[in-house]
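Below: one structure, written as structure tokens.
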Amino acid sequence: MKILKILFYTVIALMVIGMLSEREETDGAAMENPKAQVSGNNVPAPPEANLLPYTVLFEKQFKNEHGRSVVEATIALSESESSIDRASLAATCMAASRYLLAENKTDAAVLKLVDRRASHSFYELAHCSYAEDGRGLGGSDKWTWSGVAAADRTTTADEKAVYELWNNLKIDHLNKKTLKVDEAALTRAVAKKLKKKPEEIALPDLELHDMGDVKSLAKGVKGYGPLPVDPMDKLPDMESQKMSKKGFPKLYASLGAKRMEAVNAMLPEAALRAAESNTCDFVSTAGYSTSRSTKKNAVFYIDCVNEERFYVSEADLKNPNPAPAQSVREKILKTDAVDYWIHCEKQIKARLQFPSTYDEDFLGKTDMFTGRAFIVQVKFEAKNGLGNTLPMLGRCEYNDQGLVDVTIVNR
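Pasting the structure below:
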């Protein structure tokens with residue numbers, strides 16, 4: 001009986017060791033990424049990989065739900081050769097991850113490597129996640145590298161020309177009723193511009209592949225920094241962003257021809273101010289804000305591909321020593337959530353007929369950031385005008401300019 005027990009525990013121990021070995025070997029398993037197709041074929045990386053020059057288009061830091069500090073970034077390849085291989089793309093992503101993690105002193109780095117920009121479109125060439133302490137994004141995930149995947153090449157000059165035109169001309173072939181693009185007509189339009197046959201027009205077909213021997217590849221990769229990015233490279237064709245009399249008849253009638261011309265002249269500079277921020281990866285649209293502008297001070301909104309929004313005023317453009325442009329998100333979140341809670345409570349009490357009867361529920365406050373606004377909701381009880389104590393819900397909304405609205409309803 002004693003011998004059987006010894007054999008039993010020996011088998012269990014061997015099984016555990018085998019499982020641990022298997023987990024260690026699959027340390028570089030792909031992280032979930034719904035935006036890029038990843039092949040399940042693990043192909044061993046070549047022993048040597050060239051590190052490629054890159055620029056940082058977008059970078060932000062945050063604390064994830066596990067309390068881990070993370071730097072998230074999109075980096076763009078500064079090389080245009082289509083002969084670049086998979087190992088070099090993956091190694092460049094990994095090297096940039098090492099650098100940005102050390103530079104920002106975070107627990108983890110999550111990176112996406114894209115090709116050189118054409119309009120506000122790009123193709124993903126690689127992605128990777130890195131946690132130097134071996135604890136992953138969750139703090140107990142037990143990986144140093146995860147989701148290391150790359151394409152076999154980057155896009156060619158011809159492919160860039162195709163998808164730049166494809167995205168620029170797409171709006172002209174959009175059915176306003178169905179909101180669908182007439183791709184056949186769009187293909188003919190692109191072909192005509194490039195002086196090619198329609199059958200020669202095709203968008204790049206790039207697939208990301210899991211890197212096989214991530215540990216071996218990582219040994220030869222050291223962190224290195226980016227090249228300085230030219231903000232002008234983050235702008236679309238600004239001529240297409242300008243507002244015409246035909247496209248904006250009401251605005252034209254309101255401003256007049258001379259003022260409209262001046263507003264259009266300021267638009268590229270306003271967009272450039274947003275592009276100078278690391279928070280904006282690439283300017284997608286820029287326009288005149290009718291809700292914030294006055295007759296003497298035009299205000300422009302600038303939206304970036306990564307959904308960051310900026311507001312830049314005429315006064316900002318005239319300032320000889322302007323402060324760096326901040327996105328709506330940055331302006332809102334520089335105020336601590338607790339400060340919003342305190343302010344909201346005061347605003348609610350000020351609107352009650354009997355403020356002294358305000359009695360907040362246990363854990364009654366919640367908040368939410370929508371990307372453009374910070375919302376605070378408070379559950380409480382208070383007396384109404386008839387002297388009856390009722391359960392109520394207060395809601396405060398804040399944008400980058402401060403308090404927007406306060407509402408109180410019965411629950």
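Numbering (full-length UniProt numbering), first residue to last: 1 to 411.
Glycine included, C-beta positions come from ideal geometry on N, C-alpha and C.
Since the structure is predicted, the reported quantities are computational estimates derived from the model, not experimental observations.
Please go through the same chain and pick out, in chain order, the residues whose beta-carbon is closer than 6 Å to the beta-carbon of A151, but skip the five residues on each side of it. Taking the first residue of the sequence shown as 1, we reach residue 151 at position 151. Result list for A151: L125, L206 and L208, in chain order.
Rounded to a whole number of angstroms, what is the C-alpha to C-alpha distance between A30 and A149? Here residue 30 is taken as the residue at index 30 of the sequence shown, counted from 1. Here residue 149 is taken as the residue at index 149 of the sequence shown, counted from 1. Only weak support exists for where A30 lies, its pLDDT of 29 falling under 50; the value from the coordinates is given anyway. Distance between the alpha carbons of A30 and A149: 7 Å.
Pairs of beta-carbons, one from the stretch 280-287 and one from the stretch 337-349, closer than 8 Å: are there three or more? Because the criterion of three Cβ pairs below 8 Å is not met, the stretch 280-287 and the stretch 337-349 do not touch.
Validate contact between the stretch 395-407 and the stretch 328-343 using beta carbons, cut 8 Å, 3 pairs: Enough Cβ pairs lie closer than 8 Å, so yes.
Inter-residue Cα distance where the pair is Y130 and D85: Taking the sequence shown and counting its residues from 1, one reaches residue 130 at position 130. Taking the sequence shown and counting its residues from 1, one reaches residue 85 at position 85. Their backbone Cα atoms lie some 21 Å apart in a straight line.
Under DSSP, the alpha helix (DSSP H) around Y99 begins and ends at which residues? Taking the first residue of the sequence shown as position 1, residue 99 is located at position 99. Element bounds for Y99: R86 to N104.
Contact check, V70 vs N64, beta carbons under 8 Å: The residue given as residue 70 occupies position 70 in the sequence shown. The residue given as residue 64 occupies position 64 in the sequence shown. Going by C-beta atoms, V70 is nearer than 8 Å to N64.
So, using beta-carbon positions, are F380 and D359 closer together than 8 Å? In the sequence shown, counting from the first residue as 1, residue 380 sits at position 380. In the sequence shown, counting from the first residue as 1, residue 359 sits at position 359. Yes. Within cutoff.
Since I believe R68 is in contact with L137 (beta carbons under 8 Å), could you give me their beta-carbon distance rounded to a whole number of angstroms? Within the sequence shown, numbered from 1, the residue matching residue 137 stands at position 137. Within the sequence shown, numbered from 1, the residue matching residue 68 stands at position 68. With a Cβ gap of about 6 Å, L137 and R68 count as contacting.
Euclidean distance between Cα positions of A337 and R153: One-based indexing of the sequence shown puts residue 337 at position 337. One-based indexing of the sequence shown puts residue 153 at position 153. Each residue's Cα considered, the two are about 45 Å apart.
Are I75 and P226 closer than 8 Å when you measure CB to CB? For the purposes of this step, residue 75 is identified with residue 75 of the sequence shown, where counting begins at 1. For the purposes of this step, residue 226 is identified with residue 226 of the sequence shown, where counting begins at 1. Cβ distance < 8 Å, so I75 and P226 count as in contact.
Please return the same chain residues whose Cβ sits closer than 7 Å to the Cβ of K349, not counting the five positions on each side in sequence. By 1-based counting over the sequence shown, the position of residue 349 is 349. Excluding sequence neighbours, K349 sits near P355 and Y358.
So what does DSSP say about N168, is it helix, strand or coil? Here residue 168 is taken as the residue at index 168 of the sequence shown, counted from 1. Reduced to three states, the DSSP call for N168 is helix.
Exposure label - L174; buried when at least 16 CB within 10 Å: As a working note, residue 174 is residue 174 in the sequence shown. Exposed is the call here.
For I302, which residues does DSSP report across the bridge? Within the sequence shown, residue 302 is the residue found at index 302, counting from 1. Paired residues: A286 and F310.
Could you pull the DSSP bridge partners for Y130 from this structure? Locating residue 130 in the sequence shown gives position 130, where the first residue counts as 1. Y130 pairs with A109 and W145.
Among V214, K176, K222 and N321, whose alpha-carbon lies nearest the alpha-carbon of A87? Your numbering for residue 87 matches position 87 in the sequence shown. Looking at the Cα atoms, V214 is the closest of the given residues.
Which same chain residues, not among the five before or five after K142, have their C-beta less than 6 Å away from its C-beta? For this step, residue 142 is matched to residue 142 along the sequence shown. So no residue of the chain qualifies.
Could you give the C-beta distance for A271 and I302, rounded to a whole number, given that I count them as a contact under 8 Å? In the sequence shown, counting from the first residue as 1, residue 271 sits at position 271. In the sequence shown, counting from the first residue as 1, residue 302 sits at position 302. Going by Cβ atoms, the distance from A271 to I302 rounds to 5 Å, so yes, they are a contact pair.
Between S216, V162, A218 and K170, which lies nearest to P198 when the distance is taken from Cα to Cα? As a first step, residue 198 must be located in the sequence shown, where it is residue number 198. Nearest of S216, V162, A218 and K170 to P198, Cα basis: V162.
Let me check understanding here. Comparing Cα to Cα, which of K246, D237, A73 and T144 lies closest to E59? Here residue 59 is taken as the residue at index 59 of the sequence shown, counted from 1. Per the Cα distances, A73.
Buried or exposed (CB count within 10 angstroms, at least 16 for buried), L186: For the purposes of this step, residue 186 is taken as the residue at position 186 of the sequence shown. With 16 or more Cβ atoms within 10 Å of its Cβ, L186 is classed as buried.
Going by DSSP, name the residue or residues bridged to P391. Reading the sequence shown from its first residue, position 391 is the one you call residue 391. In the DSSP output, where bridge partners are listed per residue, P391 has E381.
Are N168 and D237 closer than 8 Å when you measure CB to CB? Position 168 of the sequence shown holds residue 168. Position 237 of the sequence shown holds residue 237. Yes, these two residues count as a Cβ contact at 8 Å.
Bridge partners for C396 per DSSP, in chain order? As a working note, residue 396 is residue 396 in the sequence shown. Partner(s): V376 and V406.
So M243 and L235 are in contact, right, with Cβ under 8 Å, and what is the actual spacing, rounded? Residue numbering aside, residue 243 sits at position 243 when the sequence shown is read from its first letter. Residue numbering aside, residue 235 sits at position 235 when the sequence shown is read from its first letter. 17 Å between Cβ atoms; not a contact.
Comparing alpha-carbon positions, which option in L100, L352, S277 and I332 lies nearest T407? Counting from one through the sequence shown, the residue named residue 407 turns up at place 407. Checking every option, the nearest Cα to that of T407 belongs to L352.
Between which two residues does the beta strand (DSSP E) holding T366 run? Taking the first residue of the sequence shown as position 1, residue 366 is located at position 366. Where T366 is concerned, the enclosing beta strand (DSSP E) stretches over D359 to F369.
For the alpha helix (DSSP H) that I75 lies in, which residues bound it at each end? Locating residue 75 in the sequence shown gives position 75, counting from the first residue. I75 -> not in any alpha helix (DSSP H); beta strand (DSSP E) instead, spanning S69 to L77.
A325 and S313 - do their beta-carbons sit closer together than 8 Å? Indexing the sequence shown from 1 puts residue 313 at position 313. Indexing the sequence shown from 1 puts residue 325 at position 325. Result no, Cβ atoms of S313 and A325 do not sit closer than 8 Å.
Exposure label - A253; buried when at least 16 CB within 10 Å: Stepping through the sequence shown from its first residue, residue 253 is reached at position 253. Per the 10 Å Cβ criterion, exposed.
I'd like to confirm the pairing. Which residues does DSSP put opposite T55 in its beta bridges? Start at 1 with the first residue of the sequence shown, and residue 55 comes out as number 55. The partner list for T55 (beta bridge, DSSP) reads A76 and L227.
So, at 6 Å on beta carbons, what are the nonlocal neighbours of D316 in its own chain, with the 5 sequence-adjacent residues on each side left out? Start at 1 with the first residue of the sequence shown, and residue 316 comes out as number 316. These residues qualify, in order along the chain: P322.
Name the two residues that bound the continuous alpha helix (DSSP H) containing M266. Residue 266 sits at position 266 when you count from the first residue of the sequence shown. Counting along the chain, the alpha helix (DSSP H) containing M266 begins and ends at A257 to A275.
So the beta strand (DSSP E) L208 belongs to, where does it begin and stop? Within the sequence shown, numbered from 1, the residue matching residue 208 stands at position 208. If you look at L208, you'll find it in the beta strand (DSSP E) that goes L208 to M211.
Out of curiosity, what's the CA-to-CA distance linking E164 and G223? Along the sequence shown, read from residue 1 onward, the residue named residue 164 stands at position 164. Along the sequence shown, read from residue 1 onward, the residue named residue 223 stands at position 223. Whole-angstrom Cα-Cα distance: 32 Å.
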